[in-house]
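Undergrad: For reference, the structure I am asking about is given below.
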Amino acid sequence: MKTPSCFIIYSFILFLITGVLGEHHSNNVKPIALKSKPLTGKFLHITDIHLDPNYLVGSDPKKLCHRKSKKAHKNTAGKFGALNTECDSPLSLVNASFQFMKNSLQDIDFILYTGDTARHDRDKKLPRTGADVLEDHKAVIHLFIKTFDVNSIKLIPTIGNNDGIQHNDFTFNTSIYNSLQSIWEPLGLNLSETFHSGGYFIQDQVVPGLRVINTNSMFFFKKNHIVTDCNEASSPGAIELIWLKQALEQAKDDNVMVYVMGHVPPNDDDDSPLFMPTCLDQYYQILGEYGDIILGHFTGHTNNDVLTAVVPKGNSFGHVTAMANNNELSQIRANHVSTVLFNAPSIIPVNNPAIRVYRYETSKTKENPVGTILDWTQYYVDLDKANYEDSVQYEIEYQASKLYGVNRFDGQGISQAFKQLRVNKNSRRLYSQYVTVSSQSDSV
Ligand SMILES: *[C@@H]1O[C@H](CO)[C@@H](O)[C@H](O)[C@H]1NC(C)=O
Ligand SMILES: *[C@@H]1O[C@H](CO)[C@@H](O)[C@H](O)[C@H]1NC(C)=O
Ligand SMILES: *[C@@H]1O[C@H](CO)[C@@H](O)[C@H](O)[C@H]1NC(C)=O
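For what it's worth, our numbering labels the leading residue of the sequence shown as 45, then goes sequentially.
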């Protein structure tokens, strides 16, 4: 295809192909977008936006930033959010975050968005309606589409525990899957039958050789009161685990690497389980067994920045969480890491707002398979400063390779990173600070 005339013929053929595919996308499964964009070797991880259109600047955070208090000194809700409170994100913060991504983070290949788009239902005086939830979803997807060319940069969102009409409670055929299917329509995702019934799906060819398995962590979640633990064969969690295992087996057969994503991580930052007991055990078991092809596991939910390693434990697999505690960190040891779990911090200002950009391997090399995480840059906003200066500035909080002293985050790299936390007092101190996104709080 060197001469111009060949190029013209080639373009014409491409035109025919797109034309033909365009005619036939009436069912759920969309053709893969034809990508012309060269790979950058970077992708974005963003989580927990929690957009609250009712946020009122100058209101009382104790009233969820919805109303003022009679005592003026309590009305501290800043223009861009109220740090370390139970308030959700004002549109001004969400806008500014997308503005930053539009201006500075366009050189990426795809986006993992690990959910919790809608505001919390915490305010008894302003209960969340089903329509509110759908409006939040629409507003955020609209912002994504305005910010990125989603035809060439695949946006893969997942379902958070605040994203349904009922908080935490999701089962098979919950109505939100259908609603999201239409709201996510412009994203051209592979929302096949499994999404229709269970809210989980496989997105293949995110880049050549890399597949995303997008779980519905709600089926494993302890706080979901309408499903049972995975020891019951008919529970949604047990059925999803069978699907997960089959999907991994298929990836192995197809010789592709995998990222697994979900909203809720299996364990909290203090190591307490967030999954039901049997779901938890079986989940780690699967992550461990397929550690050779799962090159990253991405979640949000806890608002904190935490690393967890899946490691062999007797005949099965367990985990080691890097908890933000000097005692724990100084003893942390993870040899023979099979899989690494990245929990990224949120936009919602429980801590300072944060956005993460990973660097990953785009083509198989002697050392690394496609998808190997090589590094990440953690961006954050000093929210108090933003409110004070009336302007949101995303800055680099840290560079993972520097913090951990490693240049790739595969099993060996994570083992080495944990060693760095164990032996290096300074890395330990910094890690503990970054867990809560350099916010003042010691909420861990
Ligand atoms: C958010 O951005 C949109 C357009 O970019 C603008 O119309 C709107 O006023 C902004 N809202 C806030 C609260 O910043
Ligand atoms: C969900 O709905 C589909 C039809 O849309 C049905 O085939 C399936 O059995 C339902 N699943 C459950 C667990 O009810
Ligand atoms: C869509 O999902 C199905 C399984 O549900 C999978 O076999 C297929 O490869 C996926 N296609 C794409 C383009 O992701």
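Glycine included, C-beta positions come from ideal geometry on N, C-alpha and C.
None of the values given here were measured: they were computed from a predicted structure.
Can you check which of these residues, Gly232, Val256, Leu351 and Ser261, is closest to Ile185 by C-alpha distance?
TA: Looking at the Cα atoms, Gly232 is the closest of the given residues.
Undergrad: Note the first and the last residue of the continuous beta strand (DSSP E) segment covering Arg400.
TA: Its beta strand (DSSP E) spans residues Ala398 to Tyr404.
Undergrad: Does ligand 3 have a heavy atom nearer than 7 angstroms to the CB of Asp248?
TA: Checking the Cβ of Asp248 against ligand 3 gives yes.
Undergrad: Measuring CA to CA, which of Asn217, His89 and Glu441 is closest to Asp425?
TA: The sequence shown places Val at residue 425, rather than the Asp named in the question. Checked all of Asn217, His89 and Glu441; the closest Cα to Val425 is Glu441.
Undergrad: Can you tell me which residues fall inside 7 angstroms of ligand 2, judged by beta-carbon distance to its nearest heavy atom, and keep chain order?
TA: Result: Phe216, Asn217, His240 and Ser241.
Undergrad: Per DSSP, what kind of secondary structure is Asp176 in: helix, strand or coil?
TA: Three-state DSSP puts Asp176 in a helix.
Undergrad: Just to check, is the beta-carbon of Ser223 closer than 7 angstroms to a non-hydrogen atom of ligand 3?
TA: It does not: the Cβ of Ser223 is nowhere closer than 7 angstroms to a heavy atom of ligand 3.
Undergrad: Run the CB neighbour count on Asp297, radius 10 Å, all protein chains shown included, and call it buried at 16 or more, exposed below.
TA: Exposed: under 16 other Cβ atoms inside 10 Å.
Undergrad: Could I get the ranges of all uninterrupted beta strand (DSSP E) runs contained in the segment 399-457, with 3 residues as the minimum, in chain order?
TA: Whole beta strand (DSSP E) segments, 3+ residues: 417-425 and 438-443.
Undergrad: Nearer than 7 angstroms: is that true of the beta carbon of Ser236 relative to any heavy atom of ligand 3?
TA: True, at least one ligand heavy atom lies under 7 angstroms from that Cβ.
Undergrad: Is Phe87 a contact residue of ligand 3, with contact defined as CB to any heavy atom under 7 angstroms?
TA: No, Cβ of Phe87 sits at least 7 angstroms from all heavy atoms of ligand 3.
Undergrad: On the premise that Ser382 lies in contact with Val354, defined as a C-beta separation below 8 angstroms, what is that separation, rounded to the nearest angstrom?
TA: The Cβ separation is near 5 angstroms, so the contact holds.
Undergrad: Considering only heavy atoms of ligand 3, does any lie closer than 7 angstroms to the CB of Phe319?
TA: Result no, Cβ not under 7 angstroms from ligand 3.
Undergrad: With respect to 7 angstroms, is the separation between the Cβ of Phe245 and the closest non-hydrogen atom of ligand 3 below this value?
TA: Yes, Cβ of Phe245 sits closer than 7 angstroms to a heavy atom of ligand 3.
Undergrad: Which term fits Glu237, buried or exposed, when burial requires 16 or more other beta carbons within 10 angstroms of its beta carbon?
TA: Answer is exposed; the Cβ neighbour count stays below 16.
Undergrad: Phe142 to Thr191, Cα distance in whole Å?
TA: Phe142 and Thr191: Cα-Cα distance of roughly 7 angstroms.
Undergrad: Nearest-angstrom Cα distance between Gly358 and Met305?
TA: Cα-Cα distance, rounded: 26 angstroms.
Undergrad: Once DSSP output is grouped into helix, strand and coil, what is the label at Asp248?
TA: DSSP places Asp248 in strand when its eight states are reduced to three.
Undergrad: Could you tell me if Ser360 is buried or exposed, where buried requires 16 or more neighbouring beta carbons within 10 angstroms of its beta carbon?
TA: The residue is exposed, with fewer than 16 neighbouring Cβ atoms inside 10 Å.
Undergrad: What does the Cβ neighbour count give for Glu410, buried or exposed, with the cut at 16 atoms within 10 Å?
TA: The question names Glu, yet the displayed sequence has Lys at residue 410. The residue in question, Lys410, is exposed, as its Cβ has fewer than 16 Cβ neighbours within 10 Å.
Undergrad: Rounded C-beta distance between Val394 and Ala140? I'm assuming under 8 angstroms.
TA: 17 angstroms between Cβ atoms; not a contact.
Undergrad: Using three-state DSSP, classify Met291 as helix, strand or coil.
TA: Contrary to the premise, residue 291 reads as Ala rather than Met in this sequence. Correct three-state label for Ala291: helix.
Undergrad: Measure the Cβ-Cβ separation of Asp573 and Gly204 and say whether it is below 8 angstroms.
TA: There is no way to answer for residue 573, as the model of the chain reaches only from 45 to 488.
Undergrad: Keeping to the same chain, check which residues put their C-beta closer than 6 angstroms to that of Ser476; ignore five residues upstream and five downstream.
TA: Excluding positions up to five away in sequence, the list reads Ala368.
Undergrad: Quickly, what does DSSP pair Arg255 with across the bridge? List them, please.
TA: Arg255 pairs with Val302.
Undergrad: Taking the alpha-carbon of Lys118 as reference, which of Asp273, Leu127, Asp104 and Cys109 has the nearest alpha-carbon?
TA: It is Asp104 whose Cα lies nearest to the Cα of Lys118.
Undergrad: Can you confirm whether Val414, when its beta carbon is compared against all beta carbons of chain B, has any partner nearer than 8 angstroms?
TA: As a matter of chain content, chain B is missing from the structure shown, which is built from one protein chain.
Undergrad: So, with DSSP's three-state summary, where would you put Ser316?
TA: Here Ser316 sits in coil by DSSP.
Undergrad: Given Asp213, which residues of its chain have a CB within under 7 angstroms of its CB, disregarding the five upstream and five downstream residues?
TA: Taken in chain order, the residues that qualify are Asn268, His269 and Ile270.
Undergrad: Let me make sure I understand the geometry here. Which of Asn195, Leu339 and Asp92 has the alpha-carbon closest to that of Leu137?
TA: Of the listed residues, the one whose Cα sits closest to Leu137 is Asp92.
Undergrad: Please confirm whether His345 and Thr352 have their CB atoms less than 8 angstroms apart.
TA: For His345 and Thr352, no; Cβs fall outside 8 angstroms.
Undergrad: If you check the beta carbons only, do Leu427 and Asn396 fall under 8 angstroms apart?
TA: Yes, these two residues count as a Cβ contact at 8 angstroms.
Undergrad: Among residues of its own chain, excluding the 5 on either side of Ser483, which ones have a beta-carbon nearer than 7 angstroms to its beta-carbon?
TA: Answer for Ser483: Leu127, Asn128, Asn395 and Asn396, listed in chain order.
Undergrad: Between the segment 315-322 and the segment 271-280, can you find at least three pairs of beta-carbon atoms closer than 8 angstroms?
TA: At 8 angstroms Cβ cutoff, the stretches touch.
Undergrad: Could you check where the alpha helix (DSSP H) with Pro321 kicks off and where it finishes?
TA: Here the alpha helix (DSSP H) through Pro321 covers Pro321 to Glu333.
Undergrad: Could you name the residues of the same chain whose beta carbon sits closer than 8 angstroms to that of Asp151, not counting the 5 residues immediately before and after it, in chain order?
TA: Answer for Asp151: Thr84 and Lys86, listed in chain order.
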